[in-house]
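Enquirer:
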Amino acid sequence: MVAGGNTPVTATGALASTGFSSATWYAAFAAAALIAAGGALSALRLRRL
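Take the position in the sequence shown, starting the count at 1, then add 1; the result is the number in my numbering.
In structure tokens, the structure reads:
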């Protein structure tokens, strides 16, 4: 990701300018979302313990 640019629009523009296709961007975004969701779930489980 671009430093200071956490919004999807900024990240998409940066990836597009470097030659990434939108399909690559969506795949990377989906993977990051799954990892983030997994991390959030594990954090909630640890809090319950």
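Glycine included, C-beta positions come from ideal geometry on N, C-alpha and C.
The structure displayed is predicted, hence computed values, not measured ones.
1. Per DSSP, what kind of secondary structure is residue 45 in: helix, strand or coil?
2. To the nearest angstrom, how far is it from the Cα of residue 22 to the Cα of residue 47?
3. Can you give the Cα-Cα distance for residue 50 and residue 35, rounded to whole angstroms?
4. The ligand ZN heavy atoms versus the CB of residue 31: any closer than 7 Å?
5. What is the DSSP secondary structure of residue 22, reduced to helix, strand or coil?
Expert: Walking through what the data contain:
1. As a working mapping, residue 45 is identified with position 44 in the sequence shown. Correct three-state label for residue 45: helix.
2. As a working mapping, residue 22 is identified with position 21 in the sequence shown. As a working mapping, residue 47 is identified with position 46 in the sequence shown. So the two alpha carbons sit approximately 38 Å from each other.
3. Here the question's residue 50 lines up with position 49 in the sequence shown. Here the question's residue 35 lines up with position 34 in the sequence shown. Cα-Cα distance, rounded: 23 Å.
4. The model depicted lacks the ligand ZN and carries no ligand whatsoever.
5. Counting from one through the sequence shown, the residue named residue 22 turns up at place 21. Coil at residue 22, not helix or strand.
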